[in-house]
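Below is one structure; the comments refer to it alone.
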Amino acid sequence: MIKINRRTFAAGSAALALAPRVAGAQNKKLLRFVQNGNLTILDPIWTTAYVTRDHGYMIYDTLFATDEKGAIQPQMVDKYEVSPDKTLWTFTLRDGLEWHDGQPVTAEDCVVSLKRWQARDAMGQKLMEFVAALTPVDAKTFTLKLKEPYGLVLDTLGKPSSTVPFMMPKRIASTDPFKQIDSQVGSGPFIYVNAESKPGEKHVYVRNPKYKPRSEPASALAGGKVAKVDRVEFVDMPDPTQQVNALIAGEIDMIENVPHDLLPLLKADKSVQTVNWNPLGQQFCIRFNHLTKPFDNLKVRQAALLCMRQEDYLKATVGEQQYYKVCTAAFVCGTPNGVEIQGDLLTKPNFEKSKALLKEAGYDGTPAVLMQSTTLPVLTNTAPVTKSLLEQGGFKVDMQSMDWQTVVTRRTKKDPADKGGWSVFHTYAIAADILNPISANWMVADPEKAWFGWPNDPEMEKLRDSYARETDPAKSKALAAAVQNRALDQAQYGWLGMWYGPGAARANVVGWLKAPVTVLWNIEKT
1 MIKINRRTFA AGSAALALAP RVAGAQNKKL LRFVQNGNLT ILDPIWTTAY
51 VTRDHGYMIY DTLFATDEKG AIQPQMVDKY EVSPDKTLWT FTLRDGLEWH
101 DGQPVTAEDC VVSLKRWQAR DAMGQKLMEF VAALTPVDAK TFTLKLKEPY
151 GLVLDTLGKP SSTVPFMMPK RIASTDPFKQ IDSQVGSGPF IYVNAESKPG
201 EKHVYVRNPK YKPRSEPASA LAGGKVAKVD RVEFVDMPDP TQQVNALIAG
251 EIDMIENVPH DLLPLLKADK SVQTVNWNPL GQQFCIRFNH LTKPFDNLKV
301 RQAALLCMRQ EDYLKATVGE QQYYKVCTAA FVCGTPNGVE IQGDLLTKPN
351 FEKSKALLKE AGYDGTPAVL MQSTTLPVLT NTAPVTKSLL EQGGFKVDMQ
401 SMDWQTVVTR RTKKDPADKG GWSVFHTYAI AADILNPISA NWMVADPEKA
451 WFGWPNDPEM EKLRDSYARE TDPAKSKALA AAVQNRALDQ AQYGWLGMWY
501 GPGAARANVV GWLKAPVTVL WNIEKT
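Residue 221 in our numbering sits at position 221 of the sequence shown; the count goes up by one each step and never skips.
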């Protein structure tokens, strides 16, 4: 078993004892929040980074949203109708929707927003394969005409996480989906204050006084998005120990995720609380670049999967068993599509078989360039584990350390690894993003539409199409299992176990909703 030294916190605890109790965070109308990473990219369509998605939920709104039971509910939409043959969907927007610049939200804005979003999202891409026309009818109404019935229309329009179909004004949504937008005008419950925001220090939002929330109570991402504070600051504070010290000292109000080895400090202090805001948890992933050496070779990728052992990653990153689960189901254990695989793959390495496969593949010792994120605590130790496991399996590994935003930027490059590209990196997804073969970006295997890594497997796409068309739950589950098996057979990527981790807040912070995403409406300070 691989052992990674975990940092000690004696110095941090000593500093904490001396930390002044400040009044800065006691302003009941100001909420200071530390994200799980630094926010530098503001276009939630251009990137799948969760920090950017969270920014999107602050300032944009969605047509539909997922409630706490996982059901899809109307959000910007007031009503919708479906024709008897289920090929024509008609959507009507709510009254009173307005962009931050004072202009009314129109159906045309929404149509253009959907077209930009679908170019970058796996579920959006699949939906559009079934769409004959997406057309504005009048200022508040648009239609979706399908070539044939499609069972995931609402699931797609109401998907909760990356990439979220956020609505933007037409002039912004007309931006090439492969270029970043240069404006932050939305219609959501908060307004982004560009003049006061300083990337690397803080991002500032103020309550949108003209936002018209739905009348229903807030439920996860659905219902009334009521902003109960006047100002929110996303504070950039990369060091987890500093975050915890600042929370206990009252300098900040909320931390999105707390490293598991720091939880005892918080649990010992009555001025703070931990909040399990995402009970479904998250899944670790190892992603290969299918375009460049060495992982452009199927046998090399298969050899890499033979080296994986989920528990090594979970112990190194999470530590305490109560916060992790070995789970070989790609679509999450305990959910409708959560079928575990048979055998030892992903749980018990076979290094000798890996070496034999590398020999069969003609592996020439080309180093695998492994990108290590150093600013997302839960990912920092994944790359050293991979380096050790792959080297035991016969690989040469060049691990390169960088902050998360550099990983996010570099992973878009298709250049050879020795020319500024990459071979392999780690990330994670919230469970809500990966519950089926269509929502899971990692399963897309059309290189023109695939997520970073760009696999090319027409057979996988046929299986995903079959899943998209199927309406019988039992048959859907069987197709999901077939997709999972195909991903393993082609070594498309590897899933490395589930982890769970609470956020933390001052004791006077109430209203943190249970949802797959941290959202800051409904929160107030008592």
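All C-beta atoms, glycine included, are put in the ideal place defined by N, C-alpha and C.
Contact defined as beta carbons within less than 8 angstroms: I believe residue i pairs with residue j. What is the distance between those atoms, to the nearest angstrom?
i, j, result
"residue 113", "residue 71", "At roughly 23 angstroms, the Cβ-Cβ gap does not stay under 8 angstroms, so residue 113 and residue 71 are not in contact."
"residue 528", "residue 213", "Here the chain comprises residues numbered 1 to 526, so residue 528 is not present and cannot be evaluated."
"residue 495", "residue 290", "Contact doesn't hold; Cβ gap of about 17 angstroms is too wide."
"residue 282", "residue 192", "Wrong, their Cβ atoms sit about 27 angstroms apart, outside the cutoff."
"residue 288", "residue 434", "Their Cβ separation, rounded to whole angstroms, is 17 angstroms, which puts residue 288 and residue 434 out of contact at 8 angstroms."
"residue 196", "residue 204", "4 angstroms"
"residue 467", "residue 479", "4 angstroms"
"residue 61", "residue 187", "5 angstroms"
"residue 525", "residue 253", "7 angstroms"
Could you tell me which of the options sits nearest to residue i, measuring between CA atoms?
i, options, result
"residue 268", "302, 244, 251 and 291", "244"
"residue 489", "473, 479, 460 and 509", "460"
"residue 363", "147, 319, 300 and 407", "300"
"residue 146", "139, 138, 154 and 134", "134"
"residue 76", "179, 120 and 216", "216"
"residue 125", "525, 464, 497 and 501", "464"
"residue 201", "139, 334, 246 and 40", "40"
"residue 436", "164, 476 and 256", "476"
"residue 286", "383, 338, 418 and 223", "383"
"residue 322", "483, 451, 352 and 279", "279"
"residue 350", "482, 313, 372 and 390", "390"
"residue 199", "55, 442, 449 and 162", "55"
"residue 368", "338, 462, 293 and 401", "293"
"residue 142", "94, 117 and 187", "94"
"residue 482", "118, 100 and 338", "338"
"residue 352", "394, 254 and 62", "394"
"residue 485", "302, 47 and 148", "302"
"residue 360", "398, 297, 470 and 256", "297"
"residue 211", "58, 509, 515 and 504", "58"
"residue 47", "410, 74 and 462", "410"
"residue 421", "73, 370 and 388", "370"
"residue 431", "327, 127 and 83", "327"
"residue 107", "163, 167, 119 and 117", "167"
Kindly identify the DSSP beta-bridge partner or partners of residue i.
i, result
"residue 234", "33 and 203"
"residue 426", "286"
"residue 77", "93"
"residue 531", "This structure gives no information on residue 531, because the portion of the chain shown stretches from 1 to 526."
"residue 157", "The partner list for residue 157 (beta bridge, DSSP) is empty, contrary to what the question assumes."
"residue 400", "371"
"residue 219", "222"
"residue 503", "275"
"residue 61", "167"
"residue 495", "285"
"residue 198", "202"
"residue 509", "525"
"residue 88", "145"
"residue 45", "Note: residue 45 sits in no beta bridge, so no partner."
"residue 104", "98"
"residue 324", "499"
"residue 82", "89"
"residue 66", "72"
"residue 255", "34 and 504"
What residue range does the beta strand (DSSP E) around residue i cover?
i, result
"residue 464", "Where residue 464 is concerned, there is no enclosing beta strand (DSSP E), although the alpha helix (DSSP H) it sits in stretches over 458 to 469."
"residue 345", "Run containing residue 345: none; DSSP gives neither H nor E here."
"residue 486", "Careful: residue 486 lies outside any beta strand (DSSP E), inside the alpha helix (DSSP H) at 473 to 489."
"residue 145", "141 to 146"
"residue 181", "That residue, residue 181, is in no beta strand (DSSP E); it is neither H nor E in DSSP."
"residue 192", "190 to 192"
Would you mind reading off the limits of the alpha helix (DSSP H) that contains residue i?
i, result
"residue 562", "Absent from the model: residue 562. The displayed extent of the chain is 1 to 526, so no value can be given."
"residue 109", "107 to 118"
"residue 305", "298 to 306"
"residue 131", "From DSSP, residue 131 is part of no alpha helix (DSSP H) but of the beta strand (DSSP E) over 131 to 136."
"residue 266", "263 to 267"
"residue 249", "240 to 249"
"residue 317", "310 to 317"
Any contact between the segment 515 to 522 and the segment 341 to 351? By contact I mean 3 or more CB pairs, one from each, below 8 angstroms.
no
If contact is defined by three or more beta carbon pairs under 8 angstroms, each pair taking one atom from either stretch, is the segment 222 to 230 in contact with the segment 28 to 44?
yes
Between the segment 84 to 102 and the segment 414 to 427, do at least 3 Cβ pairs fall closer than 8 angstroms?
no
Measuring CB atoms only, is the segment 95 to 113 touching the segment 151 to 158, in the sense that at least three cross pairs come out at less than 8 angstroms?
no
When the Cβ atoms of the segment 403 to 416 are set against those of the segment 498 to 508, are three or more pairs found closer than 8 angstroms?
no
State whether the segment 399 to 406 contacts the segment 310 to 320, with contact taken as three or more CB pairs (one from each stretch) at a distance under 8 angstroms.
no
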